[in-house]
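Take any residue in the sequence shown, count from 1 to its spot, add 464: that is its number in my numbering.
Cβ coordinates follow ideal geometry from the N, Cα and C atoms, glycine included.
Bear in mind the structure is a predicted one, so any value in this text is a computation, not a measurement.
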Amino acid sequence: MKFLFTVSLVLTICILLSCSVDAARPPQLPEGVVELTTENFNQIVNNPSKHVFVHVYAPWSAHCKRLFPLFGGLGRSFKNNDQVVIARFNCVDNLEFCEAQFPEVQSQYPSVYFIDKSNAKHMYNGPREVANMENFILNKINEVSRKRSNDEL
């Protein structure tokens, strides 16, 4: 009887641990979305020919998990646009680096930013819908282009 109880307890603990590990993993990277890391962050974000729309996330956050499929939709929408990179950045796995890059995040997940070609960061606070985020990205691109044109005059 003790043996069955011990086996049941061990199995229950193993199941619970495996569930919590899976819950902390982000879903597979969708087509058209780039995973930013400390190794590739500067190369991608500091590219003067690219704007970056980035989902700063915590893998355990239910709110972040709801955004993953939306960013998949954005990735598909912009995959042929050579001006825009759709990305995500795991702030939990890269906490110090994340706090240096996005000091205003401070555990407010998810946070979404448009980082323009000049590296200016614009927080996205609009509705969490693909169409709204697409419009925000396109408006920011136009805004940056107009500003650049005015600066050249």
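Taking the Cβ atom as the reference point for each residue, do residue i and residue j lie within a distance shorter than 9 Å?
i, j, result
"Glu503", "Ala551", "no"
"Val548", "Phe517", "yes"
"Leu531", "Val576", "yes"
Check each candidate in the options and name the one with the smallest Cα separation from residue i.
i, options, result
"Asn589", "Phe600, Asp580 and Asn583", "Phe600"
"Lys581", "His527, Asp546 and Val569", "Asp546"
"Val594", "Cys528, Pro533, Arg612 and Phe578", "Pro533"
"Gln492", "Ser513, Asn558 and Lys529", "Lys529"
"Asn554", "Glu568, Ser525, Tyr521 and Lys585", "Tyr521"
"Asn511", "Lys543, Ala564 and Ala584", "Ala584"
"Tyr573", "Asn506, Thr501, Ser513 and Pro523", "Pro523"
"Ile579", "His527, Leu602, Ser525 and Gly537", "Leu602"
"Asn596", "Phe505, Ser513 and Leu538", "Leu538"
"Thr501", "Phe561, Lys611 and Val608", "Phe561"
DSSP three-state call for residue i: helix, strand or coil?
i, result
"Ala526", "helix"
"Asn554", "strand"
"Phe505", "helix"
"Leu493", "coil"
"Asp486", "Model confidence at Asp486 stands at a pLDDT of 47, short of 50, so the residue's coordinates are unreliable; what they give is reported in the following sentence. Three-state result, Asp486: helix."
"Val520", "strand"
"Glu593", "coil"
"Lys585", "strand"
"Glu499", "strand"
"Ser513", "coil"
Report, in whole angstroms, the separation of the C-beta atoms of residue i and residue j, which I expect to be a contact under 8 Å.
i, j, result
"His519", "Lys604", "Going by Cβ atoms, the distance from His519 to Lys604 rounds to 15 Å, so no, they are not a contact pair."
"Phe497", "Phe535", "This sequence places Val at residue 497; Phe is not what is there. With 8 Å as the limit, Val497 and Phe535 qualify as a contact, their Cβ atoms being about 5 Å apart."
"Glu598", "Ser541", "6 Å"
Taking 8 Å as the cut-off, does the CB of residue i come closer than this to any heavy atom belonging to the ligand SAH?
i, result
"Glu593", "Looking at this structure, you won't find the ligand SAH or any other ligand, since it has none at all."
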